[in-house]
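Below: the structure, in structure tokens.
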Amino acid sequence: MEIYNDILKGIEQELRSSGEVKPTRVQQRCNLAYDKFSRYLGEMAAKELILREPISITAKGLDFLQDHRRISRFVHEIGMKYLDYKESRLSEREDYGPIKFLDNLPPKSHSVLLCDDKKYAELVTSYYISKGLERGESCVYLTFEDPTKIERRLSKSGIDVESSKQRNLLRVHTIKRSDVSEGNPYDNLKKVIRGSTIGLRPPYRFYRNFEPIEKSVKGMKLELSYEQLLHDNFKSLDLSLMCRHDLSEIEKSGRTDFVETLLKNHHQVIYASEPEKAIAFDP
């Protein structure tokens, strides 16, 4: 990845230079990066971590790789706890499958984030919002929670919350449970969207952090009615939306049917869990 970034940086510098872009200079940069790559391979082969021909990892190299990952995770957790590091490190994001999926998420899509691990759910959440900010979209975070808690969480993940708010690109909008549990669901939906986007400019990117409106079968049915309503009218809403559902919050007896209905009423599905279990797909 480091070699690949060297090549990209070299090409980017050439493109941004005031003079004429010369292919020979780009080639020189690529050659330098390749030489660096060859040296790395030579060093790893000398330490018996890899074989050069055919190129493959040795048992010693595999042990080293596993130790390196364990140490990296340990250092990251220590940094998080004692040194106030940002939660979402770039390398962790790059290696996490659902993040790559989000890079190619089409505009105006209705996606669902299912999770059983809050750490990875927050990783996906912050990336989804930061990607929207990067594209100049107005990002709206809908929640029942205290907005300062959400803003603190987003800030800790690396998002410049204050700057984004000042530029009218980010808003954490708190809704009351009565806003969605009483009255006509469609009218409630339109009212929430209209109220949360006052002063913002399209395109809109919404994130809805689901907490059960009511922790019961009745509450689940109400939530599903909103999901179906959203999906049936999604084109007319003219926005992007990610709905987050914590699997532990879903009443066990109806969990299977609940998830099946979610799959039918979203364009994309992301399951945020440990890296080896995480998955993202179009249902």
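For the sequence shown, the working numbering begins at 38 and goes up steadily by one.
Even for Gly, the Cβ is constructed at its ideal location relative to N, Cα and C.
Everything numeric in this text was worked out from a predicted model, so none of it was measured.
- DSSP bridge partner residues for Tyr-178 (one or two, in chain order): Here residue 178 refers to the residue found at position 141 when the sequence shown is read from its first residue. Looking at the DSSP output, Tyr-178 shares a beta bridge with Val-209 and Tyr-244.
- Query: With C-beta atoms as the reference, is Asn-226 less than 9 Å away from Leu-261?
  - Reply: Residue 226 sits at position 189 when you count from the first residue of the sequence shown. Residue 261 sits at position 224 when you count from the first residue of the sequence shown. In the sequence under discussion, the amino acid at residue 226 is Leu, which differs from the Asn named in the question. Cβ atoms of Leu-226 and Leu-261: not closer than 9 Å.
- Item | Pairwise C-alpha distance: Val-209 and Arg-242 | Indexing the sequence shown from 1 puts residue 242 at position 205. Indexing the sequence shown from 1 puts residue 209 at position 172. When rounded, the distance between both Cα atoms is 12 Å.
- Message: For Ser-148 and Ile-87, I'd like the C-alpha separation in whole angstroms.
- Response: By one-based count along the sequence shown, residue 148 stands at place 111. By one-based count along the sequence shown, residue 87 stands at place 50. Each residue's Cα considered, the two are about 41 Å apart.
- In whole angstroms, what is the alpha-carbon distance linking Glu-182 and Leu-259? The count along the sequence shown starts at 1 and reaches residue 182 at position 145. The count along the sequence shown starts at 1 and reaches residue 259 at position 222. When the Cα atoms are used, Glu-182 and Leu-259 turn out to be separated by approximately 19 Å.
- Query: Per DSSP, Ser-148 is paired with what?
  - Reply: Here residue 148 refers to the residue found at position 111 of the sequence shown. Answer is Met-279 and Gln-305.
- Item | Beta-carbon gap between Tyr-157 and Ser-285 smaller than 9 Å | Within the sequence shown, numbered from 1, the residue matching residue 157 stands at position 120. Within the sequence shown, numbered from 1, the residue matching residue 285 stands at position 248. Against a cut-off of 9 Å, the Cβ pair of Ser-285 and Tyr-157 comes out as no contact.
- Item | Through-space distance from Gly-236 to Ile-316, alpha-carbon basis | The residue labelled residue 316 in the question sits at position 279 within the sequence shown. The residue labelled residue 236 in the question sits at position 199 within the sequence shown. The alpha-carbon atoms of Ile-316 and Gly-236 are separated by roughly 36 Å.
- Task: Would you kindly report the start and end of the unbroken beta strand (DSSP E) that includes Ile-316?
- Result: Locating residue 316 in the sequence shown gives position 279, where the first residue counts as 1. Boundaries of the beta strand (DSSP E) harbouring Ile-316: 316-318, taken from the DSSP string.
- Cβ neighbours of Pro-320 in the same chain (closer than 6 Å, five flanking residues each side left out): For the purposes of this step, residue 320 is taken as residue 283 along the sequence shown, with counting starting at 1. Beyond the five residues adjoining it in sequence on each side, Pro-320 comes within less than 6 Å, by CB distance, of Leu-300 and Val-306 in the same chain, given in chain order.
- Message: Let's test the definition: count the other Cβ atoms within 10 Å of the Cβ of Pro-135 and tell me whether it reaches 16, buried, or not, exposed.
- Response: For the purposes of this step, residue 135 is taken as residue 98 along the sequence shown, with counting starting at 1. Classified as buried, Pro-135 has 16 or more neighbouring CB atoms from the shown chains inside 10 Å of its CB.
- Query: Any idea if Leu-127 is buried or exposed, counting beta-carbon neighbours within 10 angstroms, 16 or more meaning buried?
  - Reply: Counting from one through the sequence shown, the residue named residue 127 turns up at place 90. A caution first: Leu-127 carries a pLDDT of 41, below 50, which makes its placement in the model unreliable, though a value can still be read off. Label assigned to Leu-127: exposed.
- Item | For Leu-139: DSSP bridge partner residues | Residue 139 sits at position 102 when you count from the first residue of the sequence shown. Beta-bridge partners assigned by DSSP to Leu-139: none are found.
- Item | Spatial distance of Leu-120 from Asp-275 (CA atoms) | As a working note, residue 120 is residue 83 in the sequence shown. As a working note, residue 275 is residue 238 in the sequence shown. In this predicted model, Leu-120 has a pLDDT of only 47, less than 50, meaning its place in the structure is not dependable enough to derive any value.
- Item | CB of Lys-145 within 9 Å of CB of Phe-271, strictly | Residue 145 sits at position 108 when you count from the first residue of the sequence shown. Residue 271 sits at position 234 when you count from the first residue of the sequence shown. Contact flag set, yes.
- Task: Return the chain-ordered list of same chain residues with a C-beta closer than 7 Å to the C-beta of Leu-191, the five sequence neighbours on each side being excluded.
- Result: Working through the sequence shown from its first residue, we reach residue 191 at position 154. Only Ser-163, Ile-166 and Val-198 meet the Cβ criterion.
- Within its chain, find whatever has a CB closer than 8 Å to the CB of Arg-238; leave out the 5 residues flanking it on each side and keep chain order. Along the sequence shown, read from residue 1 onward, the residue named residue 238 stands at position 201. Beyond the five residues adjoining it in sequence on each side, Arg-238 comes within less than 8 Å, by CB distance, of Ser-175 and Asn-205 in the same chain, given in chain order.
- Give the C-beta separation of Tyr-244 and Leu-179 to the nearest angstrom, bearing in mind that I take them to be a contact with Cβ-Cβ under 8 Å. Within the sequence shown, the letter at position 207 stands for residue 244. Within the sequence shown, the letter at position 142 stands for residue 179. Contact annotation, Tyr-244 with Leu-179: C-beta distance approximately 7 Å; criterion of less than 8 Å satisfied.
- Roughly how many whole angstroms lie between the Cα atoms of Ile-187 and Ile-196? Translated into positions along the sequence shown, residue 187 becomes position 150. Translated into positions along the sequence shown, residue 196 becomes position 159. Counting only the Cα atoms, Ile-196 lies some 12 Å from Ile-187.
- Apart from the five residues just before and just after Leu-139, which ones in its own chain have a Cβ nearer than 8 Å to its Cβ? Here residue 139 is taken as the residue at index 102 of the sequence shown, counted from 1. Its chain contains Val-161, Tyr-164, Tyr-165, Lys-168, Ile-307 and Ala-317 as the residues whose beta carbon lies nearer than 8 Å to that of Leu-139, once the 5 sequence neighbours on both sides are disregarded; these appear in chain order.
- Using the C-alpha atoms, what's the distance from Asp-154 back to Val-217? The residue labelled residue 217 in the question sits at position 180 within the sequence shown. The residue labelled residue 154 in the question sits at position 117 within the sequence shown. CA-to-CA, the gap between Val-217 and Asp-154 works out to about 26 Å.
- Task: Could you please give the first and the last residue of the uninterrupted alpha helix (DSSP H) stretch that includes Tyr-133?
- Result: Numbered from its first residue, the sequence shown carries residue 133 at position 96. Boundaries cannot be given for Tyr-133, as no alpha helix (DSSP H) includes it and DSSP labels it neither H nor E.
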